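Novice: To start, I am sharing the structure in question, which I have written as structure tokens.
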Amino acid sequence: MYRIVVRVYADIAALDGSVAGSLCSFAANFSSVDVFFDFVNVLDQGVVHGKISETFSAVLRDRDCKHIFLAAWRRPTYLSMLLQTPDRKVTLVEGYGMGAGFEFLPASCPIVAFPDIFQGASYLELAMPTSLSICSDDVWTPTIAHLMHRKKVCAPTHCSCHEFPHLRIPTVDATTQAHTLRLPGYLPTKPPQPNHIPLNKHNERLDIAIRHPKDAHYLEYANRFPRSAPQPCYWHHLLANCHDGTACAHDHGAMSHKALFFLRYKARLIPCADGTQCRRFECCFGHVCQNSKCLGREVRACSMRVFHRVDPVLARWVEGEVVDGRR
378 MYRIVVRVYA
388 DIAALDGSVA
398 GSLCSFAANF
408 SSVDVFFDFV
418 NVLDQGVVHG
428 KISETFSAVL
438 RDRDCKHIFL
448 AAWRRPTYLS
458 MLLQTPDRKV
468 TLVEGYGMGA
478 GFEFLPASCP
488 IVAFPDIFQG
498 ASYLELAMPT
508 SLSICSDDVW
518 TPTIAHLMHR
528 KKVCAPTHCS
538 CHEFPHLRIP
548 TVDATTQAHT
558 LRLPGYLPTK
568 PPQPNHIPLN
578 KHNERLDIAI
588 RHPKDAHYLE
598 YANRFPRSAP
608 QPCYWHHLLA
618 NCHDGTACAH
628 DHGAMSHKAL
638 FFLRYKARLI
648 PCADGTQCRR
658 FECCFGHVCQ
668 NSKCLGREVR
678 ACSMRVFHRV
688 DPVLARWVEG
698 EVVDGRR
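The numbering used here runs 377 ahead of the 1-based position in the sequence shown.
In structure tokens form, the structure reads like this:
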């Protein structure tokens with residue numbers, strides 16, 4: 378039998394007041410789940426980095442430690458640790474908040490995706506209240522408790538860079554209005570080959586898991602496209618396929634990479650007219666809800682509510698169709 382030991386180090390005082398309050402509540406619940414689960418509030422970012430790097434070095438040398446999951450990477454200290462760790466004892470945890478460039482990290486260790494990790498409150502939550510989520514104790518404490526109850530180590534055949542089939546978000550209580558809640562499960566993170574689209578076991582179209590934009594993405598987009606100005610043309614910017622040309626009422630002007638990143642994200646919050654039967658490879662619109670808030674409670678304002686009963690678990694990949702048509 379294996380024992381799961383979790384150490385979380387954070388400088389809560391450096392966070393925004395509302396986020397800090399939520400995280401304090403989460404930290405207390407997290408630490409009470411198991412004697413080997415510890416959320417440590419460290420009052421300095423430099424100390425956080427030092428504790429993570431020193432703890433990593435210690436457990437890497439510990440023969441009793443069978444595997445390490447590291448959920449940190451952006452600091453030079455962490456990059457140095459990863460690039461100098463050739464063995465397969467370490468797995469890097471990927472989340473939406475990892476930031477641009479993560480996929481090009483030249484590390485030899487395997488990578489596993491927990492799509493909802495590293496999310497938090499931001500300007501986006503004010504601007505698009507139904508599109509973001511905070512990993513709160515009401516969602517994750519039951520998940521942690523379930524994982525500890527099983528007390529199993531991840532089998533090599535279970536863990537992949539696409540999903541964690543043995544780890545599920547808690548099922549919704551039967552007394553809630555389950556028909557309006559999103560089905561749990563993780564979407565794929567990247568196609569195995571170009572021009573392919575994901576389907577579930579019901580042959581319903583899925584989407585690649587989207588990375589949540591950062592504040593900088595939203596602010597750049599908002600400055601480029603204020604509400605009083607013409608809004609961007611999805612067909613021109615995302616598909617290079619606007620049939621209206623110069624007669625289009627929407628903006629065709631150049632935009633920065635950050636603004637374009639936010640536009641791609643925003644397009645996924647617009648339901649595709651063909652729904653789950655869409656097979657267009659280049660379709661930029663949404664085919665499944667990716668809002669984790671919709672897992673635990675009814676979100677009536679969710680723009681993707683029509684897709685809440687779509688099973689997000691990948692079954693197979695099929696070659697997408699090339700169709701020159703509108704949404």
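All C-beta atoms in this analysis are idealised placements derived from N, C-alpha and C, irrespective of residue type, glycine included. Everything numeric in this text was worked out from a predicted model, so none of it was measured.
Under the rule that 16 or more other beta-carbon atoms within 10 Å means buried, what is Y379, buried or exposed?
Specialist: Flag for Y379 reads exposed.
Novice: If you count every other CB in all the chains shown that lies within 10 Å of the CB of E581, and 16 or more means buried, which is it?
Specialist: Answer is buried; the Cβ neighbour count reaches 16.
Novice: Within the continuous alpha helix (DSSP H) that includes G438, where are the two ends?
Specialist: According to the sequence provided, residue 438 is Arg. The question's Gly does not apply to it. Counting along the chain, the alpha helix (DSSP H) containing R438 begins and ends at 422-438.
Novice: By Cβ distance below 7 Å, which residues in the same chain neighbour C671 in space, the five residues on each side in sequence not counted?
Specialist: Excluding sequence neighbours, C671 sits near L558, R559, C679, H685.
Novice: Residue ranges of each alpha helix (DSSP H) run of no fewer than 4 residues wholly in the segment 559-645, ordered along the chain?
Specialist: Fully enclosed alpha helix (DSSP H) runs of 4 or longer: 592-601, 611-616, 634-644.
Novice: Quick check: the segment 687-697 against the segment 656-672, are at least 3 beta-carbon pairs closer than 8 Å?
Specialist: Judged by Cβ distances under 8 Å, the segment 656-672 makes contact with the segment 687-697, as three or more pairs qualify.
Novice: Keeping to the same chain, check which residues put their C-beta closer than 7 Å to that of R657; ignore five residues upstream and five downstream.
Specialist: Correct list, in chain order: G697, E698, V700.
Novice: Buried or exposed, going by whether 16 or more other CB atoms sit within 10 Å of the CB of G622?
Specialist: That one is exposed.
Novice: For a quick check, are the C-beta atoms of Y662 and P590 less than 8 Å apart?
Specialist: First, the amino acid is wrong: residue 662 is Phe here, not Tyr. Taking 8 Å as the Cβ cut-off, F662 and P590 do not qualify as a contacting pair.
Novice: D415: which of G423, N406, D421, Q422 sits nearest, CA to CA?
Specialist: When each option's Cα is compared against that of D415, the closest is N406.
Novice: What residues in its chain sit with their C-beta under 7 Å from that of V412, if we drop five residues either side in the sequence?
Specialist: None.
Novice: Please report how far the alpha carbon of L469 lies from the alpha carbon of H444, in whole angstroms.
Specialist: Taking the straight line from one Cα to the other gives about 11 Å.
Novice: List the endpoints of the continuous beta strand (DSSP E) containing V687.
Specialist: Counting along the chain, V687 falls outside any beta strand (DSSP E), and DSSP gives it neither H nor E.
Novice: Going by C-alpha distance, which of M632, A617, R693 is nearest C660?
Specialist: Considering only alpha carbons, the answer is A617.
Novice: Over what stretch of residues does the beta strand (DSSP E) that includes R693 continue unbroken?
Specialist: Segment 693-696, the beta strand (DSSP E) holding R693.
Novice: List the whole-angstrom C-beta distance separating A644 from Y598, where the pair is believed to meet the contact cut-off of C-beta under 8 Å.
Specialist: Incorrect: roughly 12 Å between the Cβ atoms, too far for contact.
Novice: What did DSSP end up calling L392 once you bin it into helix, strand or coil?
Specialist: Coil, per DSSP.
Novice: Give every residue of the same chain whose Cβ lies closer than 8 Å to the Cβ of I585, excluding the five residues on either side of it in the sequence, and list them in chain order.
Specialist: Cβ within range, chain order: L564, P565, T566, K567, P568, P575.
Novice: By how many angstroms is the C-alpha of V695 removed from the C-alpha of H573?
Specialist: Cα to Cα, the separation comes out at about 5 Å.
Novice: Taking the straight line between their C-alpha atoms, what separation do you get for M458 and V676?
Specialist: Approximately 42 Å between the Cα atoms of the pair.
Novice: Quick one: give me the first and last residue of the beta strand (DSSP E) that I647 is part of.
Specialist: Here I647 belongs to no beta strand (DSSP E), and DSSP marks it neither H nor E.
Novice: How is R656 classed by DSSP in three states: helix, strand or coil?
Specialist: Note: R656 maps to coil in three-state DSSP.
Novice: Check whether the Cβ atoms of D388 and L420 lie closer than 8 Å to each other.
Specialist: In this structure, L420 lies closer than 8 Å to D388 by Cβ.
Novice: Would you say V417 and V385 are within 8 Å of each other, going by their C-beta atoms?
Specialist: In contact: V417 and V385 (Cβ atoms closer than 8 Å).
Novice: For V467 versus C486, is the C-beta spacing smaller than 8 Å?
Specialist: Cβ atoms of V467 and C486: closer than 8 Å.
Novice: Looking at the strands, I want to know which residues DSSP matches up with G663.
Specialist: Answer is P648.
Novice: Roughly how many whole angstroms lie between the Cα atoms of V383 and D592?
Specialist: Each residue's Cα considered, the two are about 29 Å apart.
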